[in-house]
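Have a look at the structure below before the remarks.
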Amino acid sequence: MTLAHPVDLPAAEADLADAVGAWLRENLPPDWLAAVDAGDHAAVERIRADPGRRAAWFDVLGASGLATPTWPWGQGGLGLTADRASIVTEQLVRYRAERPNQDFVGLTLAGPTILEWGTDEQKAARLPALARGRELWCQLFSEPGAGSDLAALSTRAVQREDSSWLVNGQKVWNSYAHLADFGLLMARTDPAAPKHRGITYFLLDMRTPGVEPRPLKQMTGNAEFNETFLTDVVVPDSARLGPVNQGWAVAITTLMQERNGLSGRPVVGQGESDRLVGRALTTGAWRDPLLRDRLVSAFVEERALQMTTIRGFVAAGSGAPTAEGSIRKLAHATLSEKLGVLGTELEPDGAVAWDAGERPVAVDAFLAMKTYSIAGGTSEIQRNIISERVLGMPKDPDPERHKPFQERSRG
Amino acid sequence: MTLAHPVDLPAAEADLADAVGAWLRENLPPDWLAAVDAGDHAAVERIRADPGRRAAWFDVLGASGLATPTWPWGQGGLGLTADRASIVTEQLVRYRAERPNQDFVGLTLAGPTILEWGTDEQKAARLPALARGRELWCQLFSEPGAGSDLAALSTRAVQREDSSWLVNGQKVWNSYAHLADFGLLMARTDPAAPKHRGITYFLLDMRTPGVEPRPLKQMTGNAEFNETFLTDVVVPDSARLGPVNQGWAVAITTLMQERNGLSGRPVVGQGESDRLVGRALTTGAWRDPLLRDRLVSAFVEERALQMTTIRGFVAAGSGAPTAEGSIRKLAHATLSEKLGVLGTELEPDGAVAWDAGERPVAVDAFLAMKTYSIAGGTSEIQRNIISERVLGMPKDPDPERHKPFQERSRG
Amino acid sequence: MYAEQRDPEFGWTGEHRQLRETVRGLLAERAPVSRSRELAEVGERYDPALYAALAEQVGLQGLALPERFGGYGGTLLDLAIVVEEMGRVLHGGPFFPTVALAAPALMAAADEAACAEYLPRIADGTLTAALAVVEGSGVWSADDVSTTADIGGLLTGAKFPVLDGADADLLVLAARGPEGVSLYLVEPGTPGLRRAPMETLDGTRRMGRLTLDRTPARRIGTPGQGWAAVVQAREVASVLMAAEQVGAMAACVELTAEYAKTRRQFGRLIGSFQGVKHRLADMAVRLEMSRSAAYWAAWQDPGTDEFSFGAATARSFCSEAYLQTAQDTIQLHGGIGFTWEHDAHLYLRRARADMALLGTPTQVRAELETTVLAAAAELDSAVPAWPAIEVPA
Amino acid sequence: MYAEQRDPEFGWTGEHRQLRETVRGLLAERAPVSRSRELAEVGERYDPALYAALAEQVGLQGLALPERFGGYGGTLLDLAIVVEEMGRVLHGGPFFPTVALAAPALMAAADEAACAEYLPRIADGTLTAALAVVEGSGVWSADDVSTTADIGGLLTGAKFPVLDGADADLLVLAARGPEGVSLYLVEPGTPGLRRAPMETLDGTRRMGRLTLDRTPARRIGTPGQGWAAVVQAREVASVLMAAEQVGAMAACVELTAEYAKTRRQFGRLIGSFQGVKHRLADMAVRLEMSRSAAYWAAWQDPGTDEFSFGAATARSFCSEAYLQTAQDTIQLHGGIGFTWEHDAHLYLRRARADMALLGTPTQVRAELETTVLAAAAELDSAVPAWPAIEVPA
């Protein structure tokens, strides 16, 4: 049922792909495989939507190491390089056998952070469960009062005599918090220290009493995020990840993963602009030379961004650490805003009114266009990161940088 | 030869215009008047280009008060409001009888600053000469080491026993300094005070030994500006304008004049974009729908800026002081850059090569397009001014704001 | 059409200021932006009691209508001040479609009987009306009118989206009859008329789809001259919408400036970061330029070339400026600006919807080409656009 | 046409790095930007001794030419590295027109005899060449070629502006003969050929006007297939110019970052103001996106659809990015960036000139429309363009 140890995996790209493909054909449920072979997307989605079947498959997949191929051998992974791992991912995607988007926090953020900072007990308890898809994770970093200044968080964790921690505070922008089993939590443990030095990192069991996620409605009308209220939540010291008061260093590991978090080898190919072109052909907007030039411009820009993602992927493989994730994020935010507006202009009436039930997709893209310039760190923050880390500009003056946290001004 | 005292000037706009027009017809040299009536621009320009005739005319004009209609009655002017003065200016322009551009510093900056801060002796010595066009003035504020941080100037003036001042330093961006009779000079007189508090303002006789203007070539290839070197220049204390070490307050008067300095009542009408449209018709670029939309956009933007200038003119007349000069300057800088690039795109080959002697005007506009976003205060400085004075944003932290000037870091 | 404008240009009179204060005060009390949101969220078209009060207490619906039709003979400028204040609080409902679109169309059609019958009811707040011109393409062009009127005056075709079209008490329609495009009046309940509400991006203004199948209608004005009336009404509406947008932009700038003056990050008020300051300054520039364009147009006399030019300029400039301003407002608020509870998205939705309502800015600029060419043809080599700045720093 | 590219994509080999260092070192020593300025200011076309050294010491002119024609059989990628380094210092003169335009055209025409006669002389640095295609309209289109070749091969027409056209030792021209557009060779001194230098915005590259009056010429390649060769040469030149622009942009960003780290105003390094930081960050983004586009294209095999697509993408993106970068460089330098003595304007001039040389970005995008439509036609509803970001701050 398991693949060979990574040293025995074929070295050539094509051979590795073949080996993974063969393993999938052998292990995927027959009706799933048949639906894939027949190109019957709907049938595959039906199978994937069944919680029982999905869980069963992710268990098989996780045991093989293929769900987390870059993790070390013996800790749920196959120890593959990013480049080789992407070949695995391509095969998984081809068979729609990959883990869903909602596992992003668990697989891309929690796993690597635990790998780097966890105790043996923490690794043993969490990594196999993550690899097999048994746990859903969320991130509890952001706070309403902190915003872009992530380290200015004020959720308090006070250690008690029995060494457990009592946590109180409020988090925000937590996706899947209402469904998650575990959360990556930062809390302030030393308010007398400057803001970066008094934070501790925990792996919070979301079922603990006092943890209350509430949906947060966005301007799009959807509620993909939560606010999470933490009231007298008792967390055992065994849930602490990394040393007391060094949680910011642990968080950096998580944040670097987040910015560089690419799933699979990036390619130059279809993107959002292609969809807009398709739509423009339908609505007749393509006939307008001004819109045509903007569409082709967007197409060029999106392809250039994809090419940049490939370069970033190759550079990451070669171990060169960069703030280049911020470059891509900023470029993507700009493009997303451009496409959001452009999409509405392709509709004859600007997508401002529609008959009941015929809401154009352009509406959702328009309302979501600011997502990437705010979510995951605003474009302003990205510009600061690029300017400071890539170009060596001085940091912004923070008059309170070295002040004890409790003495800082709030607002 | 002189007009009636301002209280006797007709109140109605049309009557005032008629009175000024009649005076001009009576006093202008006959051949000048004939050339204007015949619409013979070239002939008028020939007369205006003759230094003797020009001087003679400006003397007559100045004596009447019409060259400086807003200055007080008895100090070379007619005491008119800005609004009524603009009617005078319109008539002057109509007869090409107005003072030339190079008198901007003298008429718009030096005169009002002397009116506000000058001693009776200074007013008596300078204002009539300014009104009659006998003196050319330049501004000596900027320094290479100070840049946008105007108050960081380091030209030194040390008072000697006989109360005169010894000035040493270097100024830059001084237009007409090589021709000027007088210069508006700021120099540091107390290096132990914070930067704004140790500056004194002088009316410098440019013929003083040790004053050496040298032409400064710009990226356009022209040298409209100078660097001015000041080496052991002796300035009598009678040339000091305003109190010692309060030169920054005096300079504010000058700078406010500069930003609000409008000559004549602004109108909505022909601008740079009209010229570009004309050129686009000639080159055929007008047939390109993309260029056409950009041209009309620029046209709209320029007209909106003109409308804003009118609003500013009206508001200034009603005495409301604003940072709205900065708004217009910023908008103009943006537009100028847009037009500079667009102009080249109207040429079939992008205005990048031309047969000897046939340099397209688009080339000069392109090379000069950054002028307004740098000259007279960069667009960054204007944005700060707008944000702080119009919107009430906090000032940028200047860690050395209150430091004695001599202890400030340089660079 | 409207009363002549008052001198001096851009010089506010005491009356202007008084009007602004009255309207602002009334809206602040009874229709702040939270109320616009509330109506939108529950799907209410408007607050009828307030609508009545606007007419009875302040006379806003009839403010700029001639006195012989029950109005107060005010100027378009007065009305611009009113809608600017409404724009600040995203006031929606039937006011704009009735007063800024349908009433100008009725006046432009110059049909005395129709005016005498309907304008007084508009003025006293008892009649709401809508102007139905576009037919799905979003383009305001006589060529795009394919709704037909047969010899008996029966209309057949479809109009959408029509601002307040599904709910207004009176429909003013452009249709193509034997003499060309004319204006027609249809009241709800007429046989062959179907009205369906559409879903909208901007919940504060309703839109509808009209379907006409041999619907009896009353032709107004000179036969075949309907499009000229549409053009005039659209110009008036363009100027008023620009003023409304100025109000909305001003609200956005104030909201953002206020936030920047109170929100603290990295040990400082965020308003002290140039990243915020400079974007805010650009917002202020866009606002002031928009204000100039909108009010310059409002100061011209309707029916003149200047008015047409001002209307187009204001429409092109202000609608693009407003959309950018709304986007920037969200950006500078960060996460909170992205939530449903924050008002930023309401301004964004209105900005996008506005852009589609009276022809897109691109369409407007295409229409301006003739004017631009005429201006370029008069070129002389005189006055530079800006006084030379002599001393850079 | 050129040697096949090396794996892995975007993975620099030791050889690549070595080449870059060699070229950078040589240029730093003998042709820094101050030297480019000096040549431009005195009106010198180039430094012949350096040109010879580039060929003899490093073999740059023949780097990517096939070995059988005296070259070193390198890849287009190698050549991109070379011109990127040249772009940093605004190296001008005959290198680009000879190596990036005329040589690719000769190779694309696939005329063995002509290649054997001229390419070895290009490779050894003894022959400079120019490619003359456009005729005043700036548009690269077969329809715009109106220079004619009669049956006897005599050319009549005019070509301008032609990069290095007034000075090159060999002219490769596109002209319309009885079979359609073909390529022709003309050497200076041929009767009926007049060459006049033009004045240029960018002083580092000369341009000329060619007038042909029944000028004898040698037709090369398959008759009537000349335009296909022009298209190929233009693609190669587009990729190389994009790489050159990446070098120039990198120089602009470094120059500006360095200035921001040393210039102090208001008590702080200006690089600590977000107004400066954020504009610099945008410059960095534009640079990195340009680098990706230029090198992605350079990594494709010439002759493939990917190469054509990459060439157009890089040309459209990089030339607009470079112009904006040059403008920003001046802005962030303030007054000093506006002086003749500062290098910023040299980069600006080059940026504008580049934009006109191989068809404007707008023209390139119009040409891309077919490709874009083909891509859109293959749409499926799979993979989103970006992994969902789950947690905003």
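Protein chains in written order, with the working numbering: chain A, 1 to 411; chain B, 1 to 411; chain C, 1 to 393; chain D, 1 to 393.
All residues carry an ideal CB built from backbone N, CA and C; glycine is no exception.
Where residue i falls, given that 16 or more other Cβ within 10 Å makes a residue buried
i              : result
residue 330(D) : buried
residue 405(C) : This structure cannot settle anything about residue 405(C), because the visible part of chain C is limited to 1 through 393.
residue 263(C) : buried
residue 73(A)  : exposed
residue 25(D)  : exposed
residue 182(C) : buried
residue 101(B) : exposed
residue 409(A) : exposed
residue 321(A) : Per-residue confidence for residue 321(A) stands at a pLDDT of 43, beneath the threshold of 50, marking its modelled position as unreliable; the derived number appears in the next sentence. Counting Cβ neighbours within 10 Å, residue 321(A) comes out exposed, since fewer than 16 surround it.
residue 252(A) : exposed
residue 319(A) : For residue 319(A), the predicted structure reports a pLDDT of 48, less than 50, and the residue's modelled location is therefore unreliable. The matter cannot be settled from this model.
residue 287(C) : buried
residue 308(B) : buried
residue 243(B) : exposed
Proximal residues of chain A, C-beta to C-beta of residue i below 9 Å
i              : result
residue 149(B) : By Cβ distance, chain A contributes nothing, its closest Cβ being about 16 Å from residue 149(B), past 9 Å.
Under 7 Å from the C-beta of residue i: neighbouring residues of chain C
i              : result
residue 275(D) : 274, 278
Reference residue i; option with closest CA among the options
i              : options                    : result
residue 342(C) : 105(C), 10(C), 33(C)       : 33(C)
residue 266(D) : 384(B), 22(B), 223(B)      : 384(B)
residue 228(D) : 276(D), 109(D), 326(D)     : 109(D)
residue 225(B) : 179(B), 405(B), 354(B)     : 179(B)
residue 254(B) : 131(B), 105(B), 215(B)     : 105(B)
residue 61(D)  : 44(D), 43(D), 80(D), 45(D) : 80(D)
Residues that residue i contacts on chain D, provided the C-beta gap is smaller than 7 Å
i              : result
residue 327(A) : 284, 285, 288
Proximal residues of chain A, C-beta to C-beta of residue i below 7 Å
i             : result
residue 69(B) : None at all; the shortest Cβ gap to chain A is about 48 Å.
Residues that DSSP places opposite residue i in a beta bridge
i              : result
residue 111(B) : Its beta-bridge partners do not exist; DSSP assigns none.
residue 138(B) : 183(B)
residue 171(B) : 228(B)
residue 398(D) : Nothing about residue 398(D) can be reported from this structure: the residues present for chain D run from 1 to 393 only.
residue 77(A)  : 73(A)
Contact set between residue i and chain B, taken where Cβ atoms lie within less than 8 Å
i              : result
residue 404(A) : Those within 8 Å of residue 404(A) in chain B number zero; the least Cβ separation is about 20 Å.
residue 399(A) : 397
Closer than 9 Å at the beta carbon, the chain B residues around residue i
i              : result
residue 306(D) : Going along chain B, no residue has its Cβ under 9 Å from residue 306(D), so there is no contact; the nearest lies around 27 Å.
7 Å Cβ cut-off: residues of chain B touching residue i
i              : result
residue 269(C) : 394
Chain-ordered neighbours of residue i on chain C, where CB pairs are closer than 8 Å
i              : result
residue 384(B) : 274, 277, 278, 281
Mind listing which residues of the region 290 to 312 of chain B have their C-beta closer than 8 Å to chain C's C-betas, in chain order? 292, 293, 295, 296, 297, 299, 300, 301, 302, 303, 304, 305, 306, 307, 308, 310, 311
Residues of the region 330 to 345 of chain D in Cβ contact with chain B at a cutoff of 9 Å, in chain order, please. 330, 331, 332, 333, 334, 335, 336, 337, 338, 339, 340, 341, 342, 344, 345
Residues of the region 358 to 372 of chain C in Cβ contact with chain B at a cutoff of 8 Å, in chain order, please. 362, 365, 366, 368, 369, 372
The region 226 to 259 of chain B: which residues have C-beta closer than 9 Å to a C-beta of chain A, in chain order? none
Output needed in chain order: residues of the region 201 to 227 of chain D with a Cβ under 8 Å from some Cβ in chain B. 201, 202, 207, 209
Name, going along the chain, the residues of the region 22 to 47 of chain C whose beta-carbon falls closer than 7 Å to a beta-carbon of chain A. none
With 8 Å as the C-beta to C-beta threshold (strictly closer), list the residues of the region 170 to 186 of chain A near chain D in chain order. 173, 174, 175, 176
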